[in-house]
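Line by line, the protein sequences are chains B and S. In my numbering, each residue carries its 1-based index in the first sequence increased by 12. In my numbering, each residue carries its 1-based index in the second sequence increased by 12. Worksheet: one structure, shown below.
There are 2 protein chains.
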Amino acid sequence: MKKGKVAFFVTGNVHKFHEARGVLSEFNIATAMLNIEAVEIQADDLKKIAMASALDAARKSGLSVFVEDAGLFVNALKGFPGPYSNYVYRTIGTKGILKLMEKIKQRDACFQSVVAFCDPKGETEHLCFEGRVDGKIAHEEKGQRGFGFDPIFEPLGGRGTTFAEMSIEEKNRYSHRAKALRKFAKWCAQKC
Amino acid sequence: MKKGKVAFFVTGNVHKFHEARGVLSEFNIATAMLNIEAVEIQADDLKKIAMASALDAARKSGLSVFVEDAGLFVNALKGFPGPYSNYVYRTIGTKGILKLMEKIKQRDACFQSVVAFCDPKGETEHLCFEGRVDGKIAHEEKGQRGFGFDPIFEPLGGRGTTFAEMSIEEKNRYSHRAKALRKFAKWCAQKC
Chain B
13 MKKGKVAFFV TGNVHKFHEA RGVLSEFNIA TAMLNIEAVE IQADDLKKIA
63 MASALDAARK SGLSVFVEDA GLFVNALKGF PGPYSNYVYR TIGTKGILKL
113 MEKIKQRDAC FQSVVAFCDP KGETEHLCFE GRVDGKIAHE EKGQRGFGFD
163 PIFEPLGGRG TTFAEMSIEE KNRYSHRAKA LRKFAKWCAQ KC
Chain S
13 MKKGKVAFFV TGNVHKFHEA RGVLSEFNIA TAMLNIEAVE IQADDLKKIA
63 MASALDAARK SGLSVFVEDA GLFVNALKGF PGPYSNYVYR TIGTKGILKL
113 MEKIKQRDAC FQSVVAFCDP KGETEHLCFE GRVDGKIAHE EKGQRGFGFD
163 PIFEPLGGRG TTFAEMSIEE KNRYSHRAKA LRKFAKWCAQ KC
C-alpha cells in the first residue's frame with residue numbers, strides 16, 4: 013500500500029470499523045480504530061450526539077478524529093428506537109422490536125447515520141456527514157451477518173433481503189453508514 | 013411561612029416539581045423550579061447521568077442545585093426502559109411496554125431515582141441520594157394522575173393500585189423519588 017492518509021475512527025464496535033475500513037479504502041484512506049471512551053449525550057438528534065462525542069474524543073486524544081452514530085427509526089413506533097438503538101438492542105433486542113410490530117402493517121423504517129469529524133482545537137466541531145437508507149421491518153429475523161438490528165431491516169431495492177443476509181461489500185452499497193462515510197471520505201481525501 | 017432554606021431543582025417537569033415540593037416542605041425547605049437546559053449523558057447508570065447534569069447545571073447557573081433522574085426497570089425486559097424511560101414514554105409509551113409484556117408472567121419491576129446535588133465550584137459533584145420502589149407491571153393502564161409510566165406500575169404494598177391512581181401525598185409515601193428526595197432533604201436541612 014502506498015503511503016497515504018490515516019483517519020482515526022473512535023469506536024469500540026469492530027463491525028463498524030470493518031464497514032468504515034471498506035469504504036475509506038475506496039478513497040485510499042487507511043482507517044485506524046481508536047478505542048477511547050468519549051462522552052455520549054442524550055438527544056433525539058443524532059447530529060448533536062455525534063458532534064459532542066467527536067469534540068470530546070478529539071480533546072481527550074489530541075488527534076483529529078471521526079465518530080459515527082446511527083439509529084433505526086421505525087415510523088409506526090414514532091421513530092423508536094432511534095438514537096437509543098444500542099441500548100434497546102442490548103435489552104429488548106430484535107425480538108422486542110418484532111413484538112412491538114406484531115399486527116402492524118405499516119412497516120416503513122429507516123436507518124440513519126451521522127459521521128462527525130473534529131480536530132483537537134474544536135475548530136471543525138460542526139462538521140457532519142449524513143447518510144440514510146429507507147426500508148421495511150421484516151416479519152422475522154433473517155441472516156447471521158452484520159450486527160444490531162440488521163437481521164430485521166430490509167433496505168429498499170434489496171429484493172427483500174435483510175442487512176444480515178449481505179456481505180460487508182453488499183451492505184456498503186446500500187447502507188446509511190456507508191453513505192455518510194463516503195461523504196466524509198470525499199471531504200477527507202481533499203481537505204483533511 | 014418562616015424564613016427558611018430554598019433548594020433549586022433543575023427540571024422542566026411540573027409533576028416532578030410538585031412531588032419534590034411536597035417532600036421538601038416536610039423539612040421546612042422551599043423548592044424553586046429552575047428550568048435551564050443541563051446536559052444529559054447516555055449511561056446505563058442513573059447516578060452517572062444525574063451527577064453530570066447537576067455539575068453542568070450548577071456551573072451554568074452559578075447556583076447550588078439538585079437534579080433528579082429516574083427510570084422504570086422491568087426485570088423481564090433486562091431493565092428496559094431504564095435510564096431512557098422518558099424517550100421510551102414519548103415514543104412507544106405505556107402501550108408499548110404492555111405489548112412487550114404480553115404473555116409474560118414475571119412482571120416484577122422497580123422505579124429507581126437518583127437526586128444529585130452540586131455547588132457551582134463542583135466540590136460536591138459526587139453527592140447522590142438514591143431511592144427505589146419495587147412493584148409489578150399492571151396488565152392494563154389504570155388511573156389518570158401522575159405522569160410517565162405511573163398508570164402501569166403497582167408498587168408493593170399498594171394493594172394493586174397504580175401510581176396514577178394515587179394523590180401526590182399517597183404516591184410520596186411509596187415512591188422512589190420521594191425516598192431519594194427525603195434523604196436529600198435530611199442532608200440539606202443539616203448541611204447545605
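Ideal Cβ positions, reconstructed from N, Cα and C, are used throughout, including at glycine. Computed from a predicted model, the values in this text were never measured in an experiment.
Simplified DSSP assignment, three categories, for residue i
i, result
"Thr217/B", "In the structure as shown, chain B starts at 13 and stops at 204, and residue 217/B therefore has no counterpart that could be examined."
"Glu26/S", "Reading off the sequence shown, one finds Val at residue 26/S, where the question assumed Glu. In this structure, Val26/S counts as helix in the three-state DSSP scheme."
"Lys203/S", "helix"
"Ile180/S", "helix"
"Glu31/S", "helix"
"Ile53/B", "strand"
"Gly94/S", "strand"
"Pro1/B", "Because residue 1/B is not part of the residues shown, which for chain B are 13 to 204, the question remains open."
"Phe165/S", "strand"
"Met113/S", "coil"
"Arg157/B", "coil"
"Ser171/B", "The residue you asked about is not Ser; residue 171/B is Arg in the sequence shown. Correct three-state label for Arg171/B: coil."
"Ser65/S", "helix"
"His188/B", "helix"
"Leu193/B", "helix"
Beta-bridge partners of residue i, as assigned by DSSP
i, result
"Ser125/S", "Ala82/S, Gly143/S"
"Asp120/S", "Lys148/S"
"Lys17/B", "Ile41/B"
"Val77/S", "Phe20/S, Cys130/S"
Pair within 8 Å by beta-carbon distance, residue i and residue j
i, j, result
"Val145/S", "Ser97/S", "no"
"Met113/S", "Ala88/S", "yes"
"Gly34/S", "Glu181/S", "yes"
"Cys130/B", "Ala19/B", "no"
"Ala128/B", "Ala62/B", "yes"
"Ala84/B", "Ala121/B", "It is worth fixing the name first, because residue 84/B is Leu in this sequence and not Ala. Yes, the pair counts as a contact, with Cβ atoms nearer than the cut-off."
"Gly170/B", "Pro163/B", "no"
"Phe31/S", "Ala190/S", "Per the sequence presented here, residue 31/S reads as Glu, with Phe not at that position. Result yes, Cβ atoms of Glu31/S and Ala190/S sit closer than 8 Å."
"Ala44/B", "Gly16/B", "no"
"Lys90/S", "Thr103/B", "yes"
"Ile48/B", "Ala69/B", "yes"
"Thr174/B", "Ala192/B", "no"
"Leu239/B", "Ser73/B", "Residue 239/B lies beyond the range of chain B shown here (13 to 204); nothing can be said about it."
"Tyr101/B", "Gly147/B", "no"
"Lys111/S", "Lys111/B", "yes"
"Gly158/B", "His27/B", "yes"
"Pro132/S", "Arg185/S", "no"
"Phe215/S", "Phe92/S", "There is simply no residue 215/S to check, as chain S begins at 13 and stops at 204 in what is shown."
Below-8 Å beta-carbon distance, residue i vs any chain D residue
i, result
"Leu112/B", "Any reference to chain D falls outside this structure, whose protein chains are B and S."
Practice task
Check distances from the C-beta atoms of the segment 45-57 of chain B to those of chain S and list, in chain order, the residues that come in under 9 Å.
Solution key: Val51, Glu52, Ile53, Gln54, Ala55, Asp56
Exercise for the section: Closer than 9 Å, Cβ to Cβ, to anything on chain B: give me those residues from the segment 88-106 of chain S, in chain order. Expected result: Shown in chain order are the members of the segment 88-106 of chain S whose Cβ falls below 9 Å from a Cβ of chain B: Leu89, Lys90, Gly91, Phe92, Pro93, Gly94, Pro95, Tyr96, Asn98, Tyr99, Val100, Arg102, Thr103, Ile104, Gly105.
Exercise for the section: Taking only beta carbons into account, state which residues of the segment 16-35 of chain B come closer than 8 Å to chain S, listed in chain order. Expected result: none
Exercise for the section: Evaluate the contact criterion for the segment 195-204 of chain B versus the segment 125-141 of chain B: three or more CB pairs, one atom per stretch, below 8 Å. Expected result: yes
Problem - the segment 17-31 of chain B in contact with the segment 70-82 of chain B per 3-pair CB rule at 8 Å - result: yes
Problem - Where the segment 121-139 of chain S meets chain B: residues whose CB sits under 8 Å from a CB there - result: none
Handout entry: Cβ-based contacts, 8 Å cut-off: residues of the segment 157-178 of chain B near chain S
Key = Residues of the segment 157-178 of chain B with a C-beta less than 8 Å from any C-beta of chain S: none at all.
Handout entry: Short-range partners of chain B found in the segment 76-87 of chain S, where Cβ spacing is below 8 Å
Key = none
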